[in-house]
Amino acid sequence: MIDFILVIIVILIINKNIRLNLEIVASTDTLTNIGNRNRYNESMEIYLKLFKNQKKNISYITFDIDYFKKINDNYGHDFGDEVLRKIAKIILINIKKDDIFCRIGGEEFALITDSLATKDDLVKFSNKLRTSVEDFDFDLGYKVTISVGATFF
1259 MIDFILVIIV
1269 ILIINKNIRL
1279 NLEIVASTDT
1289 LTNIGNRNRY
1299 NESMEIYLKL
1309 FKNQKKNISY
1319 ITFDIDYFKK
1329 INDNYGHDFG
1339 DEVLRKIAKI
1349 ILINIKKDDI
1359 FCRIGGEEFA
1369 LITDSLATKD
1379 DLVKFSNKLR
1389 TSVEDFDFDL
1399 GYKVTISVGA
1409 TFF
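Residue numbering for the sequence shown follows our numbering, beginning at 1259 and increasing consecutively.
Written out as structure tokens, the structure is:
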């Protein structure tokens, strides 16, 4: 009887681990290893409830890579994929661990954070992200730039 109970416990633990791994896979962008659109949608719902219930400040930043099609057309999709990965790493270096950073489309990214206190902080931080990407040498012969949109509520 004890052996049977142990087998059931092991099966339950394995099933839980499989479910957790599937949840991670379902919410992670495989190219950049950051959150995907599913993670973004789930996180946005949570943050909006947090804002509504606790009146906590939330900043939302979205950006896309300028002329990304030109990068893919001139250098190939593998190189374009590498640009996406590098930009994700650049942004990850600049954000807090609890911030939600996701790739929500081809070259579109979104960031949700509650760590910025004012609209001025949001503007400064958005500019920091923009210049961090612009200052990185992607070895293209020209600068990669991003267009940033942000809101504070």
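Built from N, CA and C at the ideal position, the CB exists for glycine as well. Keep in mind it's a predicted model, so treat the numbers as computed, not measured.
Between GLU1366 and ASP1324, the C-beta gap is not smaller than 7 Å, which leaves the two residues out of contact. Under the three-state reduction of DSSP output, ILE1316 falls in the coil class, being neither helix nor strand. The C-alpha of ASP1357 lies about 31 Å from the C-alpha of GLY1334. Between TYR1318 and THR1409, the C-beta spacing is below 7 Å.
A direct Cα-Cα distance of roughly 51 Å separates GLY1363 from ILE1260. Within the same chain, ASN1315, SER1317, LEU1380, PHE1383, PHE1410 come within 8 Å of LEU1374 by CB-CB distance, once the 5 residues on both sides are set aside.
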